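Chains as they are written, first to last, in our numbering: chain A, 1 to 714; chain B, 1 to 714.
Number of protein chains: 2
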Amino acid sequence: MSCQLHQFLAPSSIAIIGASKDPTKRGYQALKYLIADNFAGGIYPIHPREPEILGIPAYPSVSAVPAEIDLGLVCTPAKTVPAIIEECGKKGIKGVVVLAGGFSEAGPEGARLEAEGLRIARELGVRIIGPNTSGVFNLHSRMNLVGMPNVKSGGLGIVSQSGNMALSIVNDAAPGGPLGFSTYVGVGNQVDVRFNEYLQYFGEDDNTKVPILYVEGFKQGRTFLEVAREVTQKKPVVVYKSGRTEAGQASAKSHTGALAGSYEMAVDLLRQAGVTVARQADYIVPIAVALRLLTAPSSNRVAILADGGGHATIGADSLIETGSVLATLAEETRANLAKVLPPAASLANPVDVAGGTDANPGVLADCASILLQDENVDALLVVGLFGGYKLRFAESLGPIENETAIRLGALLRRFGKPIILQSVYAPFRTEALEALRSSGIPVHSSIEVAVACLAALIDYGCAKRRNVNDPPTACNEAPAAASAIIAQCRASGRNVLFEYETMDLLKVYGVPMQPYMVARREEDLAEVAAAFASQPAAMKIISHDILHKTEAGGVKLTLRREETMRQAYRDIMESAHAFKHNADIEGVLVTPMAQQGVEIIIGVSKNPIFGPVMMFGLGGTFVEVLKDVVFRAIPLSRSDAAVMLDGIKAKKILDGVRGTNPVDREALVDLMMRISALVQAHPEISEIDLNPVFAHDDGYTVVDARMILSSPLE
Amino acid sequence: MSCQLHQFLAPSSIAIIGASKDPTKRGYQALKYLIADNFAGGIYPIHPREPEILGIPAYPSVSAVPAEIDLGLVCTPAKTVPAIIEECGKKGIKGVVVLAGGFSEAGPEGARLEAEGLRIARELGVRIIGPNTSGVFNLHSRMNLVGMPNVKSGGLGIVSQSGNMALSIVNDAAPGGPLGFSTYVGVGNQVDVRFNEYLQYFGEDDNTKVPILYVEGFKQGRTFLEVAREVTQKKPVVVYKSGRTEAGQASAKSHTGALAGSYEMAVDLLRQAGVTVARQADYIVPIAVALRLLTAPSSNRVAILADGGGHATIGADSLIETGSVLATLAEETRANLAKVLPPAASLANPVDVAGGTDANPGVLADCASILLQDENVDALLVVGLFGGYKLRFAESLGPIENETAIRLGALLRRFGKPIILQSVYAPFRTEALEALRSSGIPVHSSIEVAVACLAALIDYGCAKRRNVNDPPTACNEAPAAASAIIAQCRASGRNVLFEYETMDLLKVYGVPMQPYMVARREEDLAEVAAAFASQPAAMKIISHDILHKTEAGGVKLTLRREETMRQAYRDIMESAHAFKHNADIEGVLVTPMAQQGVEIIIGVSKNPIFGPVMMFGLGGTFVEVLKDVVFRAIPLSRSDAAVMLDGIKAKKILDGVRGTNPVDREALVDLMMRISALVQAHPEISEIDLNPVFAHDDGYTVVDARMILSSPLE
């Protein structure tokens, strides 16, 4: 189903409710821009008394307008808004943009007004943008209701939770930039239309080639992810998410009242859905421009072409740090480079021409062509002086530089591989650099920015391929045996499954679990000891009154022989009762001691914004302190799970350190997929904690497993 | 003693050796610039045949010049250079700049030529800049021997291992930037004059206010650190160190043949010496400009003043991530802000004016004044639309904006606290923003860049104060008891101290050590067991043939009772002999098992470039994999040691996690200071490894200590 917003974000007619003759008022400015920009549709100023404003007939109310109206721009104060929405609804207006602040962001009275407005809007089928928004524009419809003058129309869309950030984005792209904008929406308080719906609109809007979103807090994160997954198959989506630190989150909250949520989790989930996340605000526009102009490559092997060692080195450093790799050049490539470059040139990647282009910058295009022909090269980064040879060396090189720029543009189109150029002369906007820009090659003065753009292209290319080739596996049918275990837990009045129930449930989903025995009385340990005669055992308390078993002295390890087990049993009972008087104790769970391995943690929790999310990390205090964990929304694809393993900073530990073997990645991916299926099939599960799992070079052992159901009221 | 370079980097007379009439030649260009720039001293073109070049009398050789010459610019090929240096030396020329490549960077023959040139230069007292350099300029002397046209003269100095990077720096500062340059030197192969000497020159050169260095590899790192420590007391020093990744290091090596060394270590040592390290190349110029224009604050409490919530949030996020803090505003400050701002404004830091400046940008200066008066505020970051109110809101605001810019400049001078402004309108260079720039306030379009500049100012202020208040403690006298232990080790033909020798040595330096006993035969264990009756013991092999005790099965833990100890002894002997047949075994060392604590590592190694360096980190594979360690050059100050504890990413572990107490930081600082003293007093020690040390909430236990002497030949 196509998005409702088209009906009024590209409107045929607009009412300006609260139109004004005062040039400092938004109700004047909006009107002025509509007229100045030759808005093609009907314009209806609404004013209680004025018969005309800026030469256009005005009406006392929308109901008095003798024509259909698609969009209402509401410029009046908060307290008037519910009544206006009602009138708009009765008139059949499809959407309103409410500029006024003083709603939920301002306190309880505002929140009441906001809710009232929403109730009426829902009743009458009116959609609300805002309130507390800086406005909207759709430059392809010549509709500028935000009062930013001189914005060039083009393919970048903006949805922003901050009007000033929208201005930032427009201005960053402005001075001589190649690209303009399509639609801007300030989301304001998101009382009705939210990021997910705006993104859907941008996905369907042919005028928008790259939507850019500035987000402080999502309200319907799960839906957003679903929409993003679809839209990113068609076009790249750039998100800057603010609120990385507690201070930033506090600031964002005071700004829009939106809960920011964990930054790193949001970034992980967005990237899973194919979204390009800009981690610096000043990278938003360069990245969006690169995504707009260039084709995302299918892999991450980059060639660097430099006319100086310093830039080659900085380029290599920056590139490696983004996770890309320096392409290994084919023998033939090196041989061909050798034909056009002097002997001192470095033919390994980075290629340093060592003065070989000083007298003829055209050699740079020769080299670029040779590099782009190499199948091992997915993208090309050119760094150094290009665009300034004329200034640096000789006036006479100017025409050759210009021609080289055109040749580079032709190479871009011929090979379809991204080319980005960094030039020391970028601030001078020389003729050659302008020619390069015109031919679609981004030019930056900063190597770091150039590399960030390449990295974004590579990430996008990989994510898009991953999501189309390996969509997450749906699993909505629960095996009866699994449902029975949950039902039994519920029936006994618990939300927390006993560990053996969790183990049984995991087994139903094909997770290999250790054998276990339950001893309900000390006497049972005779049989247990006989069963575990050949290996040491672990004993853990079973009690719904005791959640943290170790703290309660409820865990004993490396037990051998019946007498030791009996002693352990008695110790556990004593500690447990000391920990909690009258604790209701079922007994103890006895399992074999697990074979040691790399300690990992797999957790699932239900995020209020994003729904069920899986977390993966290594065990131990370091991970806790360094927050070295990675998140993915459930359901997962196998690729998602594999990417998670590589997503932690300390991933080398999985490859084996100090002489240990690498862990069995396939087995861990398999475990994650089974957990993902389990969580999907049982929406009543609110939390899973496999902590720790010992990862071995062949399989894994779940050492402790915990599962919690949502309380029946939820 | 003042630096020799002044004699020829601000020369009274220059010979151009290899002067030319061909405009593409350096020997022509240099001459042309000297003439065009009105170089005030003598200019002597040297050419075998030409009687004049560019209207200036030429001479067949420097010896033919009938005047004194300070500096020779050598434009001839590599093979001619040794003879030319000889002639220059005989003429009494103090320094030569050798442009040609083809020396040590090109292979063995070049290296021979380079060594030959150096030998002659040393003999005749000529200093060499280069070879393989892009040249030098000293704009205050109107000497431009590098052929970069139109460089503005000013206070920034450049020393660079890449000519293109020097161009980058000049160009980044160029377009409308407030600052120009003093001296540039391309260091080339650093055969004679090296970074340390250039830095000394810049330290003494009054025309240079901020030296900027692009470094691929230091050759005399230790001396550089010493010079930097002095220079940074007078003026800030900015270094960009390349070669962060292996790929970058390989590229740097192929470029200048210099060994890059560990990036993180170099950064740590530079920062210890007070140097400002730019981690991105595109931050070099903004940071240098901020250091030039603003006074470094004495602490890190920053106020953010924003006219929009989005920028406030991004500012807070970025600031916190650099390690600065949001200043807690005084009650009075908040009260005063409330007087000038509307009720919706956020008076906590970040201060968001919430539209309170839209009609009058002057209110921004009112707020700035209130914030700067607050003693809790060390620096001010203004973010948002300032400089564009005229464009955004009303033409009539233009004059008020301009006046506000002047008021902000006055506040900068009045309070002496740094102010940096980020403006959405920075790309437009509006009148108000130019006024702001003229009054010495840096303006950026990127919040991240603005914050990086503030962070650099804060870091510099802190480092300068730390280094002047708490210089490293010198310790050059070795106690006789300590020297005796080392002598005994040497006498027995070993470079590796036995663990008990290391323990004894550490004890001499006041490091509290565990008691130990040595058992040379199994029979000795009767006495040992008696002595350790009350606590479990650890047993480790003593053998100069076995360096890695654990791998050789040479360590047994938690031993109680004589029989267990005897068994452990026999096991150790058996394993050791299996590990190395005929291993020469002294016996075993028995110590009490250490009380558990936070596992830390303190190491010392002699870096070939930087000399003795201490490393601090936590124990375990995570630290290894994540390289979460910190380095400082020895000797340390107490502040250095304290900063090291805070320098690791996982520092929170030292504060206590999961209910444990914080470690005893004072004790660890004390331990580091004792190790620092020990290393200074015994230069023959090449390596120390205390691994692990258990840090307790009261003191620490050195669990394993290893010390290696340099081999007698070193």
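Ideal placement from N, C-alpha and C gives every residue a C-beta, glycine not left out. All figures in this text were calculated on a predicted structure; none of them were measured in a lab.
Where residue i sits in the DSSP three-state scheme
i: A/R244; result: coil
i: B/L380; result: strand
i: A/T76; result: coil
i: A/L506; result: helix
i: A/P51; result: coil
i: A/S686; result: strand
i: B/G603; result: strand
i: A/T564; result: helix
i: B/S543; result: strand
i: A/D352; result: strand
i: A/S20; result: coil
i: B/L5; result: coil
i: A/R112; result: helix
i: A/T333; result: helix
i: A/N691; result: strand
i: A/A667; result: helix
i: A/I46; result: strand
i: B/R521; result: coil
i: A/G188; result: coil
i: B/E86; result: helix
i: A/K549; result: coil
Backbone CA spacing between residue i and residue j [nearest angstrom]
i: A/N360; j: A/S298; result: 33 angstroms
i: A/T701; j: A/V98; result: 57 angstroms
i: B/F137; j: B/P149; result: 11 angstroms
i: A/Q190; j: B/R392; result: 25 angstroms
i: A/D317; j: B/T276; result: 19 angstroms
i: A/A487; j: A/E684; result: 11 angstroms
i: A/G722; j: A/I400; result: This structure cannot settle anything about residue 722 of chain A, because the visible part of chain A is limited to 1 through 714.
i: A/E714; j: B/S534; result: Note that A/E714 has pLDDT 49, beneath the 50 cutoff, so the model's placement of it is unreliable and the number below is only indicative. If I take the Cα positions, the gap works out to 57 angstroms.
i: B/A642; j: B/I634; result: 14 angstroms
i: A/G611; j: B/G315; result: 30 angstroms
i: B/V227; j: B/G221; result: 10 angstroms
i: A/Q422; j: B/V703; result: 52 angstroms
i: B/I43; j: A/A405; result: 40 angstroms
i: B/M565; j: B/R521; result: 12 angstroms
Residue i burial status per 10 Å Cβ neighbour count (16 or more: buried)
i: B/R127; result: buried
i: A/G257; result: At A/G257 the pLDDT is 47, less than 50, meaning the model places this residue with poor confidence; the figure from the coordinates comes in the next sentence. Classification for A/G257: buried.
i: A/G125; result: exposed
i: B/A260; result: Annotation note: pLDDT 42 at B/A260 (below 50); position unreliable, coordinate value reported separately. Burial call: buried.
i: A/A67; result: exposed
i: B/G101; result: buried
i: A/D646; result: exposed
i: A/D172; result: buried
i: A/Q596; result: exposed
Checklist entry - Which runs of the alpha helix (DSSP H) spanning at least 4 residues fall entirely within the stretch 371-443 of chain B, listed in chain order? => result 389-392, 397-415 and 431-438
Item to check | Contact the stretch 209-219 of chain A vs the stretch 282-299 of chain A: 3+ CB pairs below 8 angstroms | outcome: yes
Next on the checklist: My parser needs the beta strand (DSSP E) runs of 3 or more residues fully inside the stretch 139-175 of chain B; what are they?
Outcome noted: 153-160
Checklist entry - At a cut of 8 angstroms, does the stretch 377-393 of chain B reach the stretch 419-437 of chain B through at least three beta carbon pairs? => result They touch, by the three-pair rule.
Item to check | Those runs of the alpha helix (DSSP H) which lie wholly inside the stretch 593-638 of chain B and span at least 4 residues | outcome: 621-626
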